[in-house]
Amino acid sequence: MKVRGQSVHCNFVALASIRQTIVDVFQPNLDDDQLNGGFPMPQENDHQSRSERAMSFLRGKVLRRTESNVSGGVSGVFSSSQTKYALFLYEDNTFSYEITEFRSVSSGGYSIPSEDKRTAKGTWEVQILDDMPFLVLVQDGSIVKRWRNGIGGEGIHLLDDVPWNRYLIRK
0 MKVRGQSVHC NFVALASIRQ TIVDVFQPNL DDDQLNGGFP MPQENDHQSR SERAMSFLRG
60 KVLRRTESNV SGGVSGVFSS SQTKYALFLY EDNTFSYEIT EFRSVSSGGY SIPSEDKRTA
120 KGTWEVQILD DMPFLVLVQD GSIVKRWRNG IGGEGIHLLD DVPWNRYLIR K
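Residues in the sequence shown are numbered consecutively from 0, following numbering that gives the first Met the number 0.
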């Protein structure tokens, strides 16, 4: 696809620049607040209220994504794996981060499947660093994960420019 003479490729690594190009072409009247990951640009000493607005947007949501990989063919051995990530951001600022991995190795008509599930729990917050919002997970008083935080469109949330599906947590 060409946009004003520039090639646009579907590559998640370049998602931010592609998004900016598309915004420039198709939505040129967006203000800086709308371009800053969907969160308002900071005013003087506005980091705390900006952080709180981002947190209120994420409270009660679950972010999900899936990665899949298939490889093989060497000596008739095939393997596949699928990793599912689910990050529950509860109203009380606690989180549950679940990683479920499914693996299978197949050869000669036989298959050996396995499943592994890991869960981490703690608290979460949004911090403003270098004028950008970051989703921070804290466990036992230590930061265990920090992602650059942004909105990628309807139902899509970006963590370090990687798209996650965003849903309400069902009670």
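For glycine and all other residues, C-beta sits at the position ideal for the given N, C-alpha and C.
With a Cβ-Cβ cutoff of 8 Å, do Ile168 and Val61 count as a contact?
Cβ distance < 8 Å, so Ile168 and Val61 count as in contact.
For Ile98, list the residues DSSP reports as bridge partners.
Per DSSP, Tyr84 and Arg117.
Please state if the CB of Asn164 and the CB of Ile150 are separated by a distance shorter than 8 Å.
Result no, Cβ atoms of Ile150 and Asn164 do not sit closer than 8 Å.
Is it buried or exposed for Arg49, if we count other Cβ within 10 angstroms and need 16 for buried?
It is buried - the Cβ of Arg49 has at least 16 other Cβ atoms within 10 Å.
Roughly how many angstroms lie between the CA atoms of Thr122 and Leu128, to the nearest whole one?
For Thr122 and Leu128, the distance between alpha carbons rounds to 19 Å.
Let me know if Pro112 comes out buried or exposed under the rule of 16 or more other beta-carbons within 10 Å of its beta-carbon.
Looking at its Cβ environment, which holds fewer than 16 other Cβ atoms inside 10 Å, Pro112 is exposed.
How should Tyr109 be labelled, buried or exposed, when 16 other C-beta atoms within 10 angstroms of its C-beta is the threshold for buried?
Classification for Tyr109: exposed.
Short of 6 Å in beta carbon distance, which residues of its chain neighbour Asp83, apart from the five on each side in sequence? Order them along the chain.
The identity of residue 83 in the sequence shown is Lys, whereas the question assumes Asp. Cβ within range, chain order: Thr65 and Thr99.
Can you look up Glu66 in the DSSP assignment and give me helix, strand or coil?
Looking at Glu66 - three-state DSSP - the assignment turns out to be strand.
Residues in the same chain with beta-carbon distance under 7 Å from Lys170, minus the five sequence neighbours each way, listed in chain order, please.
None.
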